[in-house]
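Quick note on this note's numbering: the sequence shown kicks off at 32 and runs consecutively. Virtual Cβ for every residue (Gly too), placed ideally from N, Cα, C.
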Amino acid sequence: MPSSPLYPYTLLRSKRKTLALQITREGEIVVRSPLKLPEEEIRRFVAEKSPWIQKHLEQISARHSQALPPLSPEERVRLGNIALQEIPRRVEYFAPLVGVDYGRITIRTQHTRWGSCSSKGNLNFNFLLVLCPPEVLDYVVVHELCHRLEMNHSARFWKEVERVLPDYCSRRGWLREKGGLLLDRLK
Ligand SMILES: [Zn+2]
32 MPSSPLYPYT LLRSKRKTLA LQITREGEIV VRSPLKLPEE EIRRFVAEKS
82 PWIQKHLEQI SARHSQALPP LSPEERVRLG NIALQEIPRR VEYFAPLVGV
132 DYGRITIRTQ HTRWGSCSSK GNLNFNFLLV LCPPEVLDYV VVHELCHRLE
182 MNHSARFWKE VERVLPDYCS RRGWLREKGG LLLDRLK
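See the structure below:
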């Protein structure tokens, strides 16, 4: 039987008790190991994990091959202006359907999140939402408005989201699957 390929990895030793393997977003393999564990055992551990590593590296390269060009400063301004008009309009539409009020609406450039809601009811949205399908933008609006009722992601929270958007799962799925590609355009 051919032996599985050994991927190059970065070894980080510390006072931990067990071995752990991590693949970063950029596809770097990081192994965390106890201080005195023999290199031989670490190599065997990485070899055993090869199928898992391969699967993950393939996913990462698939994502990179789909990569969209970064947004120019001009495009960001243009999209920001669209967001400033469009998002408050959707908030205004959905707030009575959720049955809540809200404070200030801020549109921001955010590298990791799509929206947030403060305890005072101020809403933040990522301007990149205008590059999502409209039903996905609406999902984020409803999600944040539902935080006016439940400041958590409990079953009660999701019930409220579902009451307004019965198909919220597929909208949320789009964001999980494709949202990263849009966030990467801010690099
Ligand atoms: Zn939330």
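Evaluate residue 49 with the Cβ neighbour count: other Cβ atoms within 10 Å of its Cβ, from every protein chain shown; 16 or more gives buried, anything less gives exposed. Here residue 49 corresponds to residue number 18 of the sequence shown, with the count starting at 1. A residue is called buried when at least 16 other Cβ atoms come within 10 angstroms of its Cβ; residue 49 does not meet this threshold and is exposed.
DSSP beta-bridge partners for residue 156? Residue 156 sits at position 125 when you count from the first residue of the sequence shown. The partner list for residue 156 (beta bridge, DSSP) reads 138 and 146.
Please classify residue 103: does DSSP put it in a helix, a strand, or coil? On the sequence shown, position 72 is the one that residue 103 refers to. Three-state result, residue 103: coil.
Beta carbon shell of ligand 1 at less than 6 angstroms from a heavy atom: The filter returns 174, 178 and 184, in chain order.
Under the DSSP definition of a beta bridge, which residues are partnered with residue 64? As a first step, residue 64 is located in the sequence shown; it is residue number 33 there, counting from the start. The bridge partners DSSP lists for residue 64 are 44.
Straight-line Cα distance separating residue 43 from residue 192: By one-based count along the sequence shown, residue 192 stands at place 161. By one-based count along the sequence shown, residue 43 stands at place 12. Roughly 43 angstroms between the two C-alpha positions.
With a cut-off of 8 angstroms on the beta carbons, I'd call residue 146 and residue 174 a contact; round off their distance for me. For this step, residue 146 is matched to residue 115 along the sequence shown. For this step, residue 174 is matched to residue 143 along the sequence shown. Confirmed, about 7 angstroms.
Cα-Cα separation between residue 159 and residue 83, rounded to whole angstroms: Working through the sequence shown from its first residue, we reach residue 159 at position 128. Working through the sequence shown from its first residue, we reach residue 83 at position 52. Distance from the CA atom of residue 159 to the CA atom of residue 83, rounded to whole angstroms, is 33 angstroms.
Determine which residues share a DSSP beta bridge with residue 54 and list them. Counted from its first residue, the sequence shown places residue 54 at position 23. Paired residues: 60.
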